[in-house]
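*Asks:*
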Amino acid sequence: MDKIELHNTLPCVFEGRDVQSEIWLQDVTFQKGSTYLVEASSGTGKSSLCSYIIGYRKDYLGDILFDGRDIRQHRVSDWTSIRQHSLSLLFQELRLFPELSALENVQIKNGLTNHKSLKEIEEWFQRLGIADKMSAKVGRMSFGQQQRVAMIRALVQPFDFLMVDEPISHLDDVNSAIMCDIMMEEARRQGAGVIVTSIGKHMDMSYDKTFRL
Amino acid sequence: MMSLVWKLLRQHISIAQFAGFFFANLFGMFIVLLGLQFYNDVKPLFSQEDGFLKPEYLIVSKRISGVSMLGESCGFSEKEVQDITAQPFCKSVGAFTASQYRVVCSLGMKGVAQMGTEMFFESVPDRFVDTDLSQWKFDPEEGVIPIVLPRTYLAIYNFGFAQSQSLPKISEGIVGMIDMVVVLRGNGQEQRLQGKVIGFSSRLNTILVPESFIKWSNAKFAPEADLTPNRLIVEVKNPTDDAIVKYINQHNLELENDKLDAGKATYFLRVVTVLVMCIGMLISILSFYILMLSIYLLVQKNTEKLRNLLLIGYSPVRVSLPYQLLTVGMNAVVLLLSFIILYIVRGYYMNTLWVMFPQMQDGSLLPAFCLGFCLFAVVSIINIMAVRNRVMKIWNRKE
Chain A
119 MDKIELHNTL PCVFEGRDVQ SEIWLQDVTF QKGSTYLVEA SSGTGKSSLC SYIIGYRKDY
179 LGDILFDGRD IRQHRVSDWT SIRQHSLSLL FQELRLFPEL SALENVQIKN GLTNHKSLKE
239 IEEWFQRLGI ADKMSAKVGR MSFGQQQRVA MIRALVQPFD FLMVDEPISH LDDVNSAIMC
299 DIMMEEARRQ GAGVIVTSIG KHMDMSYDKT FRL
Chain B
73 MMSLVWKLLR QHISIAQFAG FFFANLFGMF IVLLGLQFYN DVKPLFSQED GFLKPEYLIV
133 SKRISGVSML GESCGFSEKE VQDITAQPFC KSVGAFTASQ YRVVCSLGMK GVAQMGTEMF
193 FESVPDRFVD TDLSQWKFDP EEGVIPIVLP RTYLAIYNFG FAQSQSLPKI SEGIVGMIDM
253 VVVLRGNGQE QRLQGKVIGF SSRLNTILVP ESFIKWSNAK FAPEADLTPN RLIVEVKNPT
313 DDAIVKYINQ HNLELENDKL DAGKATYFLR VVTVLVMCIG MLISILSFYI LMLSIYLLVQ
373 KNTEKLRNLL LIGYSPVRVS LPYQLLTVGM NAVVLLLSFI ILYIVRGYYM NTLWVMFPQM
433 QDGSLLPAFC LGFCLFAVVS IINIMAVRNR VMKIWNRKE
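Quick note, the sequences are listed as chains A and B, same order. In terms of the working numbering, the first sequence opens at residue 119 and continues consecutively. In terms of the working numbering, the second sequence opens at residue 73 and continues consecutively.
Structure (structure tokens):
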């Protein structure tokens, strides 16, 4: 997948409102290999945007296209394949499994494609400073720790685009920087596009383009 | 990795609910299978024992009183036959035709005659005889008469005659191998023919031969005899009809084979079996309902996990699989256990039945197996579709 296009897209709930946005009701293209920042205020539909692109919700007007193909046409098998091989999303609400350990949360995703070795995964845990928590249940971890686990999980798959929805809201600057490094290393290795959203605090790195949502 | 998914999705599985389903289904399935199996095992005792006459055939004769012995005809006139035919309970009527000449029959082995007796033959129209008609014919060229004997004759021989004379007892199968020489005399002629016993009947109290033989022999040995039938065979719509008994009593007739019991017993057996199987089926359906509810509840409780799995790239097929395997696996174990219990229980009752009816043949378990597999397949397919359906609802955000 090389590009994600939005044509005149607008969440249904915003219909009829006076929307001032660089994303909604615009023609926007995200290219593979580039990095984007989507800055948003609360209630401007940031998480909706992520849900539309991952195929979780369809309550929008206008079109969203992957490589020119309307994603409304995608079937179940298409979405499964896209989520496994082309598009990775770090959910704002993380969507981890509290019953499983941190490592298991990563493994359950890695097992789909066997993209990363256990050694590589362990190294990431190490670098993010949660190696000692690998076998701890995610439900018992702080949100900041969970965010790091969720980031690792988002990276253990092949992808053309990586969307991260407020990835560092609960991290200090040091850990944010480490997370940013790891993310960009992997994105570059895969030649992927990166879309970061943020409400205020955002990853300190150079973006090819910044949108105001 | 499947084990991780399983570790996740087995959360909220209620052992109590599934145990409830398991035992209820096992119970229901076992009852259904046992009902069918028992019916299959016992049915031959009632029906196949007398394959020569169907249960809806009655044999009617006139009641013999002291007066009739002094000359009043005990035969049926044409008018009386027509009257019976016209009754609403009656489907068709056939007349017994008796041999009108002398018959001497001698039995022996390997051509040596051992005992002889005078006897007679009777026939009914072929359509009333429920046997393989290729055996049931007479050809004067061949000279072999197929004969059906009352089963009581064999009993009389085996338990009365043979025992007192230290003769070997014979089984039904061996009777067919016995030489039976039949000598017919009348009209100044005599002819020796061979008789062949092709079967026994419990309900037919006569020595039955094909109609073609009686016609041929009466024409040859007693051309001028009066052929008024003494007995009629009546095909009725429902042997348990009250109107039959009324009519019989009104016209001073007698039901010769008051042994409608077999027919009645088969009927009751069928009713009881169907009833038992319905109860079993009901239990099965209820247990199936429990299972469906348990699964819906389970999926409901694990909705969030299932949704997250789908969002990180698991296909609906893959996340449905653990629950599908779980239900199909349980169904399979239930099926297997039902078969095992059925086999054991059948062993017990078959032993008892064998003691009572030594001639009983060992029936097949196949129909019960087939029914069991069909139930298993149907229930499993519905389970698989239901789970898949639920997961698709989560996918489509309807849960």
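Here a beta-carbon is modelled for each residue, glycine too, at the ideal position from N, C-alpha and C. Remember, it's a predicted structure, so these values are computed and weren't measured experimentally.
Within 8 angstroms (strictly less), CB to CB, does residue 174/A reach chain B?
*Replies:* Chain B, which has a Cβ nearer than 8 angstroms to the Cβ of residue 174/A, makes this yes.
*Asks:* Return yes when the Cβ of residue 378/B is within less than 8 angstroms of the Cβ of residue 391/B, no when it is not.
*Replies:* For residue 391/B and residue 378/B, yes; Cβs fall inside 8 angstroms.
*Asks:* Please name the residue, chosen from 446/B, 285/B, 405/B, that lies closest to residue 214/B on a Cα-to-Cα basis.
*Replies:* Checked all of 446/B, 285/B, 405/B; the closest Cα to residue 214/B is 285/B.
*Asks:* Could you tell me which of 414/B, 192/B, 152/B sits nearest to residue 278/B, measuring between CA atoms?
*Replies:* Comparing Cα-Cα distances from residue 278/B to each of 414/B, 192/B, 152/B, the minimum goes to 192/B.
*Asks:* In this structure, does DSSP put residue 247/A in helix, strand or coil?
*Replies:* Three-state DSSP puts residue 247/A in coil, outside helix and strand.
*Asks:* Name, please, each residue of chain B whose Cβ falls closer than 9 angstroms to the Cβ of residue 213/A.
*Replies:* 376, 379, 380, 383, 384, listed in chain order.
*Asks:* Tell me, to the nearest whole angstrom, how far the beta carbon of residue 111/B is from that of residue 345/B; I am working on the premise that it is less than 8 angstroms.
*Replies:* Contact flag correct, Cβ pair sits at about 4 angstroms.
*Asks:* Taking the C-alpha atoms as reference points, what is the distance between residue 316/A and residue 160/A?
*Replies:* Distance between the alpha carbons of residue 316/A and residue 160/A: 10 angstroms.
*Asks:* Pull up the distance between the alpha-carbon of residue 367/B and that of residue 294/A, whole angstroms please.
*Replies:* Their Cα atoms are separated by approximately 43 angstroms.
*Asks:* Locate the beta strand (DSSP E) running through residue 133/B, then write down its first and last residues.
*Replies:* Where residue 133/B is concerned, the enclosing beta strand (DSSP E) stretches over 129–134.
*Asks:* Under a Cβ-count criterion, where at least 16 other Cβ atoms within 10 Å of its own Cβ denotes burial, should residue 231/B be classed as buried or exposed?
*Replies:* Exposed, since its Cβ has fewer than 16 Cβ neighbours within 10 Å.
*Asks:* Identify the residues that DSSP records as bridge partners of residue 167/B: which are they?
*Replies:* DSSP, once it has assigned bridges, lists 304/B as partnering residue 167/B.
*Asks:* Taking the continuous alpha helix (DSSP H) assigned at residue 427/B, which residues delimit it?
*Replies:* 388–428 is the span of the alpha helix (DSSP H), which, as asked, contains residue 427/B.
*Asks:* Shortest alpha-carbon distance to residue 178/B belongs to which of 360/B, 265/B, 211/B, 223/B?
*Replies:* That would be 265/B, whose Cα lies nearest to the Cα of residue 178/B.
*Asks:* For a cutoff of 8 angstroms on Cβ pairs, would you count residue 226/A as touching chain B?
*Replies:* Yes, contact with chain B.
*Asks:* By the criterion of Cβ-Cβ separation under 9 angstroms, what are the contact partners of residue 229/A in chain B?
*Replies:* Those within 9 angstroms of residue 229/A in chain B are 73, 74, 76, 77.
*Asks:* Candidates 356/B, 438/B, 420/B: which alpha carbon is nearest residue 93/B's?
*Replies:* Among 356/B, 438/B, 420/B, the Cα nearest to that of residue 93/B belongs to 356/B.
*Asks:* Comparing alpha-carbon positions, which option in 374/B, 261/B, 156/B, 436/B lies nearest residue 84/B?
*Replies:* Here the closest residue by C-alpha is 374/B.
*Asks:* Find out if the Cβ-Cβ distance for the pair residue 307/B, residue 445/B is shorter than 8 angstroms.
*Replies:* Their beta carbons are not under 8 angstroms apart, which means residue 307/B does not touch residue 445/B by this criterion.
*Asks:* Take residue 219/A and list the residues in its own chain whose beta-carbon comes closer than 8 angstroms to its own, dropping the five residues that flank it on each side.
*Replies:* Hits under 8 angstroms: 252, 253, 254, 255, 256.
*Asks:* Cβ closer than 8 angstroms: which chain B residues qualify as neighbours of residue 275/A?
*Replies:* By Cβ distance, chain B contributes 385.
*Asks:* In the DSSP assignment, what are the bridge partners of residue 129/A?
*Replies:* Partner(s): 178/A.
*Asks:* Counting only beta-carbon separations shorter than 8 angstroms, does residue 217/A have a partner in chain B?
*Replies:* For residue 217/A, the answer is yes, since a Cβ of chain B falls inside 8 angstroms of its Cβ.
*Asks:* Beta-carbon of residue 306/A versus every beta-carbon of chain B: anything under 8 angstroms?
*Replies:* Not an interface residue.
*Asks:* Quick check: is the beta carbon of residue 394/B nearer than 8 angstroms to any beta carbon in chain A?
*Replies:* Chain A contact via Cβ: absent.
*Asks:* Using 8 angstroms as the threshold, is the C-beta distance between residue 271/A and residue 227/A below it?
*Replies:* Yes. Within cutoff.
*Asks:* How many Å lie between residue 458/B and residue 171/A at the Cα?
*Replies:* Approximately 29 angstroms between the Cα atoms of the pair.
*Asks:* Taking C-beta to C-beta, are residue 331/A and residue 127/A nearer than 8 angstroms?
*Replies:* It is not a contact, given that the beta carbons lie outside the stated cut-off.
*Asks:* Tell me the residue span of the alpha helix (DSSP H) that contains residue 283/B.
*Replies:* Taken as a continuous stretch (DSSP letters only), the alpha helix (DSSP H) holding residue 283/B covers 283–293.
*Asks:* Look at the alpha carbon of residue 219/B and the alpha carbon of residue 252/B, and state the distance between them as a whole number of angstroms.
*Replies:* If you take the alpha carbons of residue 219/B and residue 252/B, they lie about 10 angstroms apart.
*Asks:* Name the chain A residues that come within less than 9 angstroms of residue 83/B, Cβ to Cβ?
*Replies:* Residues of chain A passing the Cβ test: 217.
*Asks:* Do you know how far the Cα of residue 107/B is from the Cα of residue 174/A?
*Replies:* Residue 174/A and residue 107/B: Cα-Cα distance of roughly 51 angstroms.
*Asks:* Once the 5 residues before and after residue 246/B are set aside, which same chain residues still bring their CB inside 6 angstroms of it?
*Replies:* So no residue of the chain qualifies.
*Asks:* Taking residue 151/B as part of the alpha helix (DSSP H), name the residues at either end of that continuous run.
*Replies:* Start and end: 150–158.
*Asks:* Determine, using beta carbons only, whether residue 222/A comes closer than 8 angstroms to chain B.
*Replies:* Chain B, which has a Cβ nearer than 8 angstroms to the Cβ of residue 222/A, makes this yes.
*Asks:* Counting pairs of beta carbons, one from the region 237–244 of chain A and one from the region 276–293 of chain A, are three or more of them closer than 8 angstroms?
*Replies:* Short answer: they don't touch.
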